[in-house]
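The block underneath contains the structure these notes are about, expressed in structure tokens.
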Amino acid sequence: SEAAEPFGLFYAPDPSSQPACTIGGNLAENSGGPRCLAYGVTSNHARRLRVVLADGSEAELSAAPDPLGYDLVGLFVGSEGTLGVAVEAEVRLLRRPEAVRTLRATFPGVPLAAEAVNRVLLAGIRPIALELMDRSTLDAVGQAFGQSIPPEVRALLIAEVAGLEEEAEWAAGVCRTIFAESGALEGELAATSQERDRLWQMRKRARGALGRLAPNYYVHDITVPRHTLPAVLAQVEAIGREYGLQMATYLHAGDGNLHPNILFDARQPGVFERVLAAGEAILSLAVEAGGTLSGEHGIGLEKRDYLGLIFTEADLEAMRKVKRAFDPAGRFNPGKALPQPGICREVRPGLKGRVPKGEPAAEVGLEG
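Residue numbers (our numbering): 6 to 373.
Okay, here's the thing in structure tokens:
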């Protein structure tokens with residue numbers, strides 16, 4: 006994006022790990038970021054790859070320009086290094102929009118902010134990004150940047166819209182109206198690029214700031230249908246209370262991609278068991294809500310044995326055959342991303358409709 010900027014162009018995918026990540030890693034994980042709501046993820050912008058295969062040979066993979074032939078680029082992107090190693094990539098660049106507007110709004114509750122997200126999209130607005138942070142995340146960011154967060158603020162929503170000057174102004178105005186009607190405590194429209202950078206800094210450095218709240222954290226990456234966000238967010242908090250663990254959640258709210266962080270101190274005896282049980286409950290919650298196990302962080306080893314929650318054994322065997330076609334000896338990332346036959350976990354019995362002790366069903370149910 007920096008190299009393309011003088012030409013009025015930019016590369017759309019924008020993972021929050023921009024300062025550290027690489028294009029090769031983005032290809033392996035099919036990385037997204039806040040802007041994926043409007044522009045899509047890495048696979049939508051990769052046109053051609055040069056890859057090294059398991060036998061040491063190189064191959065050129067191209068995205069199919071028409072219905073004829075296989076889209077091998079689409080197959081390779083997101084394969085988590087199990088099919089080969091990308092050493093060169095041709096990516097699609099986009100023209101910079103004429104105008105960009107970034108807004109911030111605070112809310113007295115996470116469900117109200119989540120409802121505002123749904124109302125923006127139902128109004129026909131297609132923002133570049135809609136990002137939400139809960140109170141725990143705001144506490145961490147506030148400590149990191151020396152900002153005082155008023156006690157009544159329980160959630161912060163960042164929206165960014167773009168297009169022609171008139172289009173961006175109209176969309177920003179609609180968003181501000183919807184936020185106010187949804188119960189926002191206050192709002193702010195960034196007037197300069199410096200103010201935009203300040204707002205985004207709060208979001209993009211949120212994960213690193215969590216170290217101020219606890220010495221360890223376990224981040225998840227579930228994705229659920231947008232209309233279930235208020236209920237799912239309430240259930241995530243309930244899971245934290247059930248297992249006696251603090252949660253800090255931020256999310257790409259526009260496409261339903263949540264990052265619940267389980268905060269803990271690894272020095273406490275028995276804490277790992279509670280952390281892993283809470284993590285498993287979060288994964289099962291996503292599936293029960295009609296979602297999936299990962300939005301952008303991949304499967305790796307951590308979630309490999311939970312794929313049975315989503316896929317049948319026939320589905321998984323079809324994927325293994327693709328892996329063997331590229332890598333017959335299993336040299337690339339052995340054991341990653343795909344479980345061995347017969348070791349997939351089953352869905353935790355009894356989670357559907359399960360209400361943690363002391364929690365009213367109306368607060369945590371997924372119905373409706």
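The beta carbon of each residue, even a glycine, is placed where N, CA and C say it ideally should be.
For clarity, every value in this text was computed on a predicted model and none was experimentally measured.
Residues bridged to residue i (per DSSP)
i: residue 124; result: BP columns for residue 124 are empty, so no partner.
i: residue 227; result: 263
i: residue 65; result: 55
i: residue 164; result: 108, 135
i: residue 268; result: 222, 251
i: residue 297; result: 228
Element boundaries [alpha helix (DSSP H), containing residue i]
i: residue 112; result: Segment 104-112 is the beta strand (DSSP E) holding residue 112; no alpha helix (DSSP H) there.
i: residue 95; result: Premise fails: residue 95 lies in the beta strand (DSSP E), 90-96, not in any alpha helix (DSSP H).
i: residue 198; result: 198-209
i: residue 44; result: 41-44
i: residue 143; result: 140-150
For residue i, the three-state DSSP class (helix, strand or coil)
i: residue 338; result: coil
i: residue 329; result: helix
i: residue 214; result: helix
i: residue 16; result: coil
i: residue 317; result: coil
i: residue 255; result: strand
i: residue 100; result: strand
i: residue 248; result: coil
i: residue 87; result: coil
i: residue 159; result: coil
i: residue 374; result: Beyond the ends of the chain as shown, which are 6 and 373, falls residue 374; an answer cannot be given.
i: residue 236; result: helix
i: residue 312; result: helix
i: residue 282; result: helix
i: residue 10; result: helix
i: residue 352; result: Any reading at residue 352 needs caution, since the residue's pLDDT is 43, under 50, leaving its predicted position unreliable; the model's value is listed next. In this structure, residue 352 counts as coil in the three-state DSSP scheme.
i: residue 306; result: coil
i: residue 25; result: coil
i: residue 153; result: coil
i: residue 117; result: helix
Residue range of the beta strand (DSSP E) that includes residue i
i: residue 183; result: Premise fails: residue 183 lies in the alpha helix (DSSP H), 170-186, not in any beta strand (DSSP E).
i: residue 54; result: 51-57
i: residue 80; result: Premise fails: residue 80 lies in the alpha helix (DSSP H), 77-81, not in any beta strand (DSSP E).
i: residue 32; result: Run containing residue 32: none in the beta strand (DSSP E); it sits in the alpha helix (DSSP H), 28-34.
i: residue 192; result: 191-194
Buried or exposed (CB count within 10 angstroms, at least 16 for buried), residue i
i: residue 92; result: exposed
i: residue 199; result: exposed
i: residue 6; result: exposed
i: residue 201; result: buried
i: residue 286; result: buried
i: residue 152; result: exposed
i: residue 289; result: buried
i: residue 339; result: exposed
i: residue 281; result: exposed
i: residue 106; result: buried
i: residue 208; result: buried
i: residue 159; result: buried
i: residue 335; result: exposed
i: residue 61; result: exposed
i: residue 143; result: buried
i: residue 195; result: buried
i: residue 139; result: buried
i: residue 270; result: exposed
i: residue 12; result: exposed
Beta-carbon gap between residue i and residue j smaller than 8 Å
i: residue 65; j: residue 52; result: no
i: residue 188; j: residue 117; result: yes
i: residue 230; j: residue 259; result: no
i: residue 291; j: residue 244; result: no
i: residue 240; j: residue 218; result: no
i: residue 266; j: residue 306; result: no
i: residue 34; j: residue 313; result: no
i: residue 344; j: residue 320; result: no
i: residue 109; j: residue 204; result: yes
i: residue 102; j: residue 50; result: no
i: residue 104; j: residue 178; result: no
i: residue 238; j: residue 119; result: yes
i: residue 98; j: residue 32; result: no
i: residue 113; j: residue 162; result: no
i: residue 77; j: residue 337; result: no
i: residue 276; j: residue 211; result: no
i: residue 122; j: residue 234; result: yes
Residue i beta carbon near the ligand GTP (any heavy atom closer than 7 Å)
i: residue 112; result: Annotation note on the ligand GTP: not contained in the displayed structure, which lists no ligands.
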